[in-house]
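Chemist:
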Amino acid sequence: MTDILIAGAGPVGLALALALQRRGIAVQVLEKREGLSTASRASTFHPPTLEALDELGVFAALRPGGVQVDRILWRRVDSGAVATLDLGILAEESRFPFRWHREQHYLTPALLAALPANSVRFDAGVAALTQDDGGVTVTCEDGSSHRARYLIGCDGSSGAVRGLAGIAAETNDYAHRVLRLLTPLDLRAHVPALDGLGYLYDAEGSCSLLRMPEVWRVILRMPPDMTDLDALSDVYARAQLGRFLPQVAEMPITGRDVYGVRKAMAVTYRAGRVLLAGDAAHLTNTRGGMNMNAGVHDAMTLAATLRRVLDGHGDALLDAWAAARLRTVREALLPRTDARVAADPAGEVARMAALAPDQARAWAREASMLDIAKAGAP
Ligand SMILES: Cc1cc2nc3c(=O)[nH]c(=O)nc-3n(C[C@H](O)[C@H](O)[C@H](O)COP(=O)(O)OP(=O)(O)OC[C@H]3O[C@@H](n4cnc5c(N)ncnc54)[C@H](O)[C@@H]3O)c2cc1C
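First residue of the sequence shown: 1131, per our numbering; consecutive thereafter.
So, in structure tokens, the structure goes:
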């Protein structure tokens, strides 16, 4: 019997596995896919996540070719009004006072490489589980059976563990979907004061610009009634670029996709010997780039808690961890993201420009998740 089973080899499951392994805890990861996902998803790493990855020894692997973002820009495209925020104001609070832009599918191989061989069993989707006083037994789709003292469901928003453990979730769709365009054009040459992250506004809407190593992501919110086909058409893309980036509306577009944004929260993160972390426990809008970061924070705080539990300090510590992480999602992660989604585009640049230095620092702390990353740590 191993100490801990983890369902899911995404960023959260693998970060948890490594954090546990570094604490001398035996761990086995069970992954449904035949290999790591290469889907283009998270791109933003916030300061406390960089600290965690550095502690695990994997930030070095994310650095080459990544993008350090020191400044955020808000700009009205009609009036030219501008606000900027220098993340360096967080220098006293973090060794990494910036955002790091790198695709999450560069993180997962780095985590996997840092784990002992055979820590992850692929093609092993969790299909059933039972628990008793001594542990939890998991059966996988490949017919294999595994037993451990605890099982952590890090199997994402459509994983099986939450349902198998009988944990309900509150879910909601956001009203809009998102169109993401990729361009190799360096937008810094065309948008004054742009560093690696910019929000462009007119009176009715906004568009986000994220600099990635080889391309820029241009993120647009679609009208609720628009079909994916229409949103993916060149006519729509060019019209939106003409609205927010008229100077380069004919930029080369090398990729485009549409994705939905959902909100979800498990009603508890613990059912006996089964716990949840990452997207299996919470899901929110991609605006602000917080959900994977929150999942890595779940993993780091849970690893420290499990070490103490396995050392005999009592499993009430797990209830305290679960309650603290859930409270963080309910009171900070979801409201914070929702506030950004609902922000009045007409007033956002003026609001950011009017922040006094201490208000700007407080905003940056929240946007960087420095105030919530360690919630639940023992
Ligand atoms: C377009 C986009 C952009 C995003 N940008 C950001 C961002 O900038 N910053 C940010 O913080 N977040 C962002 N996110 C969110 C981020 O991608 C997720 O929060 C993150 O992937 C969650 O990691 P996870 O390990 O919890 O789940 P996942 O990455 O979903 O991994 C779950 C793993 O579990 C496996 N699995 C599923 N079922 C089972 C089973 N039954 N048994 C075993 N394994 C199973 C899956 O195959 C998968 O490998 C973005 C998301 C999208 C879609």
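All C-beta atoms, glycine included, are put in the ideal place defined by N, C-alpha and C.
Can at least three beta-carbon pairs, one atom from the segment 1328-1341 and one from the segment 1421-1433, be found at a separation below 8 Å?
Modeler: Because the criterion of three Cβ pairs below 8 Å is not met, the segment 1328-1341 and the segment 1421-1433 do not touch.
Chemist: Could you check what DSSP says for I1502 in three-state terms: helix, strand or coil?
Modeler: Position 372 of the sequence shown holds residue 1502. The answer is coil: DSSP assigns I1502 none of H, G, I, E or B.
Chemist: L1340 and L1327 look like a contact to me (Cβ under 8 Å); what is the Cβ gap, rounded to whole Å?
Modeler: Position 210 of the sequence shown, counted from the first residue, corresponds to residue 1340. Position 197 of the sequence shown, counted from the first residue, corresponds to residue 1327. Correct: roughly 6 Å between the Cβ atoms.
Chemist: Let me check you understand the geometry: is the CB of Y1421 closer than 7 Å to at least one non-hydrogen atom of ligand 1?
Modeler: Working through the sequence shown from its first residue, we reach residue 1421 at position 291. The question names Tyr, yet the displayed sequence has Asn at residue 1421. Within the cutoff, so yes.
Chemist: Over what stretch of residues does the alpha helix (DSSP H) that includes T1467 continue unbroken?
Modeler: In the sequence shown, residue 1467 corresponds to position 337, counting from 1. Residues 1464-1472.
Chemist: Say the cut is 7 Å; is the CB of C1337 nearer than that to a heavy atom of ligand 1?
Modeler: Counted from its first residue, the sequence shown places residue 1337 at position 207. No - ligand 1 has no heavy atom lying nearer than 7 Å to the Cβ of C1337.
Chemist: To the nearest angstrom, how far is the alpha carbon of G1408 from that of A1369?
Modeler: Within the sequence shown, the letter at position 278 stands for residue 1408. Within the sequence shown, the letter at position 239 stands for residue 1369. Each residue's Cα considered, the two are about 37 Å apart.
Chemist: Between the C-alpha atoms of Q1377 and M1342, what's the straight-line distance to the nearest angstrom?
Modeler: Working through the sequence shown from its first residue, we reach residue 1377 at position 247. Working through the sequence shown from its first residue, we reach residue 1342 at position 212. Cα to Cα, Q1377 sits roughly 21 Å from M1342.
Chemist: Is it buried or exposed for A1131, if we count other Cβ within 10 angstroms and need 16 for buried?
Modeler: Within the sequence shown, the letter at position 1 stands for residue 1131. Reading off the sequence, residue 1131 comes out as Met, not Ala. So M1131 counts as exposed.
Chemist: Is the segment 1359-1369 touching the segment 1314-1325, taking contact as three or more C-beta pairs under 8 Å?
Modeler: Short answer: they don't touch.
Chemist: Does ligand 2 have even one heavy atom less than 7 Å from the beta-carbon of E1161?
Modeler: The model on display carries ligand 1 but not ligand 2.
Chemist: Given that a residue counts as buried once 16 or more other Cβ atoms are within 10 Å of its Cβ, and exposed if not, what is G1419?
Modeler: As a position in the sequence shown, residue 1419 is number 289, starting the count at 1. Result: buried.
Chemist: Is the segment 1248-1255 in contact with the segment 1199-1212, if contact means three or more CB pairs nearer than 8 Å?
Modeler: Output reads no: the segment 1199-1212 does not touch the segment 1248-1255.
Chemist: Report all residues from its chain with a CB closer than 8 Å to the CB of D1501; omit the five preceding and five following residues, and keep chain order.
Modeler: Looking up residue 1501 in the sequence shown gives position 371. Counting only Cβ-Cβ distances below 8 Å, and skipping sequence neighbours, we find A1462, R1495.
Chemist: So is L1309 buried or exposed if we call it buried at 16+ other beta carbons inside 10 Å?
Modeler: Working through the sequence shown from its first residue, we reach residue 1309 at position 179. With 16 or more other Cβ atoms within 10 Å, it is buried.
Chemist: Could you please give me the residues that DSSP links to M1395 through a beta bridge?
Modeler: Within the sequence shown, residue 1395 is the residue found at index 265, counting from 1. Per DSSP, E1300, H1412.
Chemist: Let's test the definition: count the other Cβ atoms within 10 Å of the Cβ of L1317 and tell me whether it reaches 16, buried, or not, exposed.
Modeler: Position 187 of the sequence shown, counted from the first residue, corresponds to residue 1317. The residue is buried, with at least 16 neighbouring Cβ atoms inside 10 Å.
Chemist: In this structure, does DSSP put T1458 in helix, strand or coil?
Modeler: Residue numbering aside, residue 1458 sits at position 328 when the sequence shown is read from its first letter. DSSP places T1458 in helix when its eight states are reduced to three.
Chemist: Between the alpha carbons of V1404 and T1260, how many angstroms are there, rounded?
Modeler: Taking the sequence shown and counting its residues from 1, one reaches residue 1404 at position 274. Taking the sequence shown and counting its residues from 1, one reaches residue 1260 at position 130. Answer to the nearest angstrom: the Cα atoms are 10 Å apart.
Chemist: When you compare each of G1210, A1305, A1450 to K1393 by their alpha carbons, which one comes out closest?
Modeler: Taking the sequence shown and counting its residues from 1, the one referred to as residue 1393 is at position 263. Among G1210, A1305, A1450, the Cα nearest to that of K1393 is on A1305.
Chemist: Can you name, in chain order, every residue of its own chain whose Cβ lies under 6 Å from the Cβ of M1430, other than the five neighbours on each side?
Modeler: Walking along the sequence shown from the start, residue 1430 turns up at place 300. Here the set comprises A1149, A1182.
Chemist: Kindly examine ligand 1 and report whether one of its heavy atoms sits closer than 7 Å to the Cβ of D1409.
Modeler: Position 279 of the sequence shown holds residue 1409. Yes, Cβ of D1409 sits closer than 7 Å to a heavy atom of ligand 1.
Chemist: So C1270 and A1257 are in contact, right, with Cβ under 8 Å, and what is the actual spacing, rounded?
Modeler: Working through the sequence shown from its first residue, we reach residue 1270 at position 140. Working through the sequence shown from its first residue, we reach residue 1257 at position 127. Confirmed, about 6 Å.
Chemist: For H1176, list the residues DSSP reports as bridge partners.
Modeler: Looking up residue 1176 in the sequence shown gives position 46. According to DSSP, H1176 bridges with nothing at all.
Chemist: If R1156 and L1245 are in contact, beta carbons under 8 Å, what's the gap, nearest whole angstrom?
Modeler: What you label residue 1156 is simply residue 26 of the sequence shown in a count that begins at 1. What you label residue 1245 is simply residue 115 of the sequence shown in a count that begins at 1. Reading off the sequence shown, one finds Ala at residue 1156, where the question assumed Arg. That belief does not hold up - the Cβ atoms of A1156 and L1245 are roughly 12 Å apart, past 8 Å.
Chemist: Could you tell me whether the segment 1218-1233 touches the segment 1174-1192, using the rule of 3 or more Cβ pairs below 8 Å?
Modeler: A contact exists between the segment 1218-1233 and the segment 1174-1192.
Chemist: DSSP three-state label for I1155, please.
Modeler: The residue given as residue 1155 occupies position 25 in the sequence shown. Note: I1155 maps to coil in three-state DSSP.
Chemist: Could you pull the start and end residues of the beta strand (DSSP E) that T1357 belongs to?
Modeler: Within the sequence shown, residue 1357 is the residue found at index 227, counting from 1. Run containing T1357: none; DSSP gives neither H nor E here.
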